[in-house]
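>
There are 2 protein chains.
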Amino acid sequence: MLDLTLDAGALTAQIVDIESVSGNEKVLADAVEEALRTLPHLTVDRSGDTVVARTSLGRAERVLIAGHLDTVPLAGNLPSRVEGDLLYGCGTSDMKAGVAVALRLAALLPAPNRDVTYVFYDCEEVEAERNGLNRVGRDHPEWLAADFAVLMEPTDGVIEGGCQGTLRAEITVRGKRAHSARSWFGVNAIHGIEPVLARLNAYQARLPMVDGLEYHEGLNAVGVHGGVAGNVIPDECVVVVNYRFAPDLSPEQAQDHVREVFDGFEVAFSDHASGARPGLTDPAAAAFVAAVGGTPRAKLGWTDVARFSELGIPAVNYGPGDPNLAHQQGEYVSLTKIAEGERAMLAWLG
Amino acid sequence: MLDLTLDAGALTAQIVDIESVSGNEKVLADAVEEALRTLPHLTVDRSGDTVVARTSLGRAERVLIAGHLDTVPLAGNLPSRVEGDLLYGCGTSDMKAGVAVALRLAALLPAPNRDVTYVFYDCEEVEAERNGLNRVGRDHPEWLAADFAVLMEPTDGVIEGGCQGTLRAEITVRGKRAHSARSWFGVNAIHGIEPVLARLNAYQARLPMVDGLEYHEGLNAVGVHGGVAGNVIPDECVVVVNYRFAPDLSPEQAQDHVREVFDGFEVAFSDHASGARPGLTDPAAAAFVAAVGGTPRAKLGWTDVARFSELGIPAVNYGPGDPNLAHQQGEYVSLTKIAEGERAMLAWLG
Numbered sequence: 052m053l054d055l056t057l058d059a060g061a062l063t064a065q066i067v068d069i070e071s072v073s074g075n076e077k078v079l080a081d082a083v084e085e086a087l088r089t090l091p092h093l094t095v096d097r098s099g100d101t102v103v104a105r106t107s108l109g110r111a112e113r114v115l116i117a118g119h120l121d122t123v124p125l126a127g128n129l130p131s132r133v134e135g136d137l138l139y140g141c142g143t144s145d146m147k148a149g150v151a152v153a154l155r156l157a158a159l160l161p162a163p164n165r166d167v168t169y170v171f172y173d174c175e176e177v178e179a180e181r182n183g184l185n186r187v188g189r190d191h192p193e194w195l196a197a198d199f200a201v202l203m204e205p206t207d208g209v210i211e212g213g214c215q216g217t218l219r220a221e222i223t224v225r226g227k228r229a230h231s232a233r234s235w236f237g238v239n240a241i242h243g244i245e246p247v248l249a250r251l252n253a254y255q256a257r258l259p260m261v262d263g264l265e266y267h268e269g270l271n272a273v274g275v276h277g278g279v280a281g282n283v284i285p286d287e288c289v290v291v292v293n294y295r296f297a298p299d300l301s302p303e304q305a306q307d308h309v310r311e312v313f314d315g316f317e318v319a320f321s322d323h324a325s326g327a328r329p330g331l332t333d334p335a336a337a338a339f340v341a342a343v344g345g346t347p348r349a350k351l352g353w354t355d356v357a358r359f360s361e362l363g364i365p366a367v368n369y370g371p372g373d374p375n376l377a378h379q380q381g382e383y384v385s386l387t388k389i390a391e392g393e394r395a396m397l398a399w400l401g
Numbered sequence: 052m053l054d055l056t057l058d059a060g061a062l063t064a065q066i067v068d069i070e071s072v073s074g075n076e077k078v079l080a081d082a083v084e085e086a087l088r089t090l091p092h093l094t095v096d097r098s099g100d101t102v103v104a105r106t107s108l109g110r111a112e113r114v115l116i117a118g119h120l121d122t123v124p125l126a127g128n129l130p131s132r133v134e135g136d137l138l139y140g141c142g143t144s145d146m147k148a149g150v151a152v153a154l155r156l157a158a159l160l161p162a163p164n165r166d167v168t169y170v171f172y173d174c175e176e177v178e179a180e181r182n183g184l185n186r187v188g189r190d191h192p193e194w195l196a197a198d199f200a201v202l203m204e205p206t207d208g209v210i211e212g213g214c215q216g217t218l219r220a221e222i223t224v225r226g227k228r229a230h231s232a233r234s235w236f237g238v239n240a241i242h243g244i245e246p247v248l249a250r251l252n253a254y255q256a257r258l259p260m261v262d263g264l265e266y267h268e269g270l271n272a273v274g275v276h277g278g279v280a281g282n283v284i285p286d287e288c289v290v291v292v293n294y295r296f297a298p299d300l301s302p303e304q305a306q307d308h309v310r311e312v313f314d315g316f317e318v319a320f321s322d323h324a325s326g327a328r329p330g331l332t333d334p335a336a337a338a339f340v341a342a343v344g345g346t347p348r349a350k351l352g353w354t355d356v357a358r359f360s361e362l363g364i365p366a367v368n369y370g371p372g373d374p375n376l377a378h379q380q381g382e383y384v385s386l387t388k389i390a391e392g393e394r395a396m397l398a399w400l401g
């Protein structure tokens, strides 16, 4: 049982210690649903392992506060532990600290100055088609109706505008099988990926300015597999690459770029997700920026602001975690930043 | 049920159509055992999926005729099919044609001029510790007692002396995990294998002369794997290499060579098997060469002649399959070569 009377830092630790690697969010989603159902001012809905809770106060404006419940695979970094001001553990920064702040707001604000929709969803860290927010947007779009959205992904307490897009592609090199004792009768497909890796190592990433914010792209191998048996020259080797592209490119333009980089190779695209331009000049976004303060910057990681952008809802990233620590073995979050985030959000909605 | 009254070519097809990828030899071993147990002149023993059958005629000399029952993984090449003189299918050449000839000898020779031990064994195509001949040599060495051995591995009907050794090593490159949207905080281990592949592509294999026969070495990647998740810079990538070394090197010298090639990288050795020098000057080997005829040449693939060599039994490779076709999708064997092999062996033992 999650205890929403704990301060947001202690609540983060409780949430982190419920392991929820993508696809395994059920126990945590159950705990979140159970905690929210004790709050009489909220209507609670559930779809799979996504939980949505709403106030219905008839306010002129409705805002949406969202966070994903899943994490990347563990790296020997659970259970959580506190050292001074830092809480260590898988998902502390990305993004259970944000989830904890949102749950605290749900508990502390029976009558916020705007109607609020809280969304806690599954499978953000994996292929787009498994994404819980995507599923709810398709199956229950009315649950997501809002004038403005704050996604509590890690931003180190700074408002981050827009996000970069992402796509994955498989670069396949083919060869010819042979017995490895007479390898000259075959063509080794693993040896054949050397030039693919050479192009990745030589790649110069763009740092374009978009709507006044600087983005930073990246093109990386995130997987490689090849091999038939220990005595066979392999006839196929696949390099999976991930391209993170700035929001001045459409997914189609990004695909063209990847095709160009790997010109001469067999390239097949799997999933992709559009980026989102910063859009901070939108009135609803500007009001949030004014209330929270600070200087907005570009969001480098892909986040579901792009999904809100597609639904026509202006959205920003704002959360207490440090984005540079996300997905790292030594991931942590500052307890001070969590408390500051909670205070800023309460000031905006209270 | 195998029909040992069929000619050796038709019997090969029967055997090929019983799928027996390494680890899955039971059905074929059962069929071989059942067929041999119908022959009253043989004593039949079994260990796991290895079947041993012996005459006991009190001859002055005992010879051993051996073949493995397993094949490499299928490649859409079953069931077998005949086109003209060629029988196509997984294992036709390596080495079910040899197995068929040995079974025919067992059926046709109730009173050979030498006592004969027939050995049909499992798991030759995988790690040395799973090898059925290895297991029988350890658990029942008396079953393998012999003055000379003929291993019916594919040699295209030519006697092949000795064999090359083989070893496998894992070359591990390590990096640092990070979110792929901020890849510059990590170190990509997959990108890091580029120089490993460059060394493999630049490698010049030796062609040394040993006891008058020319060998041909090879160093190849046979597997590669790396990757954590589609949005994580991977912190580890492993290239599995297979070194086939001429019999003038011991396994220890071969390991030293691999360490030297991958100097600066993390190298770990898994299994290895010694080569065997040709040894055709041994009297028992020379008698077989005189009976069968032809000009012996070097055996390039590793075979269990090395295992007989370690047991002190002179041994040669001699079989109807074409070694250049082994482990290839389009593997086949000549029906004429099978018949010729059967005739030569009958002439030697009849």
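Protein chains in written order, with my numbering: chain A, 52 to 401; chain B, 52 to 401. Ideal placement from N, C-alpha and C gives every residue a C-beta, glycine not left out. Source: prediction; values computed, not measured.
Under 7 Å, CB to CB, which of the residues in the region 345-364 of chain A have a partner in chain B?
Leu351, Gly352 and Trp353
> Taking A:Val279 as the query, report the chain B residues whose CB atoms sit under 7 Å from its CB, ordered along the chain.
Pro124
> Closer than 6 Å by C-beta to A:Leu79: which residues in its own chain qualify, once you throw out the five before and the five after it? Chain order, please.
Ile69, Ser71 and Leu120
> Run through chain B and tell me which residues come within less than 7 Å of A:Gln215, C-beta to C-beta.
Ala232
> So for B:Asp262, helix, strand or coil by DSSP?
coil
> Out of curiosity, what's the CA-to-CA distance linking A:Leu202 and B:Ala272?
Those two C-alpha atoms are separated by around 45 Å.
> Looking at C-alpha atoms only, which residue of B:Asn368, B:Arg328 and B:Ala197 is the closest neighbour of B:Asp299?
B:Arg328
> Are the region 220-229 of chain B and the region 239-246 of chain B touching, with three or more C-beta to C-beta distances below 8 Å?
The region 220-229 of chain B is in contact with the region 239-246 of chain B.
> Give the interface partners of A:Arg165 over in chain B, defined as CB-CB distance under 8 Å, in chain order.
The premise fails here: A:Arg165 is roughly 30 Å from chain B at the closest Cβ pair, so nothing lies under 8 Å.
> Per DSSP, what kind of secondary structure is B:Lys350 in: helix, strand or coil?
coil
> What are the partner residues of A:Lys227, as DSSP defines its beta bridges?
A:Val238
> Among all the DSSP beta bridges, which residues are the ones paired with A:Phe404?
Residue 404 of chain A falls outside the range modelled here, since chain A spans only 52 to 401, and no answer is possible.
> Can you name the residues that DSSP bridges to A:Ala366?
A:Ala200
> Tell me whether A:Glu175 sits in a helix, a strand or coil according to DSSP, three-state version.
coil
> For B:Asn185, is the classification buried or exposed, using 16 other Cβ atoms within 10 angstroms of its Cβ as the cut-off for buried?
buried
> What is the C-beta distance between A:Gly216 and A:Phe339, in whole angstroms, given that I count them as a contact (C-beta under 8 Å)?
About 23 Å separates the two Cβ atoms, so there is no contact after all.
> Assuming contact is defined by CB atoms lying nearer than 8 Å, are A:Leu115 and A:Ile364 in contact in what I supplied?
yes
> According to DSSP, what are the bridge partners of B:Tyr402?
In this structure chain B extends from 52 to 401, so residue 402 of chain B is not present and cannot be described.
> Could you please tell me which residues of the region 92-123 of chain B, in chain order, have their CB closer than 9 Å to any CB of chain A?
Under the 9 Å Cβ criterion, the region 92-123 of chain B contributes Val123.
> Output the distance between the C-alpha atoms of A:Cys288 and B:Gly208, rounded to the nearest integer angstrom.
35 Å
> Rounding to the nearest angstrom, what Cα-Cα distance links A:His323 and A:Pro302 in this structure?
7 Å
> Just to confirm, are A:Ala162 and A:Leu93 a CB contact at a threshold of 8 Å?
no
> Examine chain A for any beta-carbon lying closer than 8 Å to the beta-carbon of B:Ala249, and answer yes or no.
yes
> In the DSSP assignment, what residue or residues form a beta bridge with A:Gly118?
A:Phe171
> Output, in chain order, the set of chain A residues within a Cβ distance shorter than 7 Å of B:Phe236.
For the C-beta of B:Phe236, the chain A residues within less than 7 Å are, from N- to C-terminus, Asn375.
> Within the 8 Å Cβ cut-off, does B:Gln380 reach chain A?
yes
> Please name the residue, chosen from A:Gly315, A:Asn182 and A:Leu386, that lies closest to A:Arg358 on a Cα-to-Cα basis.
A:Asn182
> Quick one: residues in its chain with C-beta nearer than 6 Å to the C-beta of A:Cys141, no 5 flanking neighbours on either side, listed in chain order?
Thr122, Leu125, Asn128 and Leu129
> Could you tell me which chain B residues have their CB closer than 7 Å to the CB of A:Val309, listed as they occur along the chain?
Chain B residues near A:Val309: none, gap ~14 Å exceeds 7 Å.
> By the three-class DSSP mapping on this structure, what secondary structure does A:Leu125 have?
coil
> Looking at the strands, I want to know which residues DSSP matches up with B:Glu134.
B:Leu137
> Against A:Val283, what residues of chain B qualify as contacts under a CB-to-CB distance less than 7 Å, listed in chain order?
Val123, Val273 and His378
> Under 7 Å Cβ-Cβ, which residues of chain A neighbour B:Glu402?
The structure shown does not extend to residue 402 of chain B, since chain B spans only 52 to 401, so no value can be given for it.
> Within this structure, are the beta carbons of A:Ile66 and A:Ala151 separated by less than 8 Å?
yes
> Find the nearest neighbour of B:Val292 within the set B:Arg155, B:Ala335, B:Phe320 and B:Glu393, judged by alpha-carbon distance.
B:Phe320
> Please name the residues in the region 171-205 of chain B whose beta-carbon is closer than 8 Å to at least one beta-carbon of chain A, in chain order.
Glu176, Val177 and Glu178
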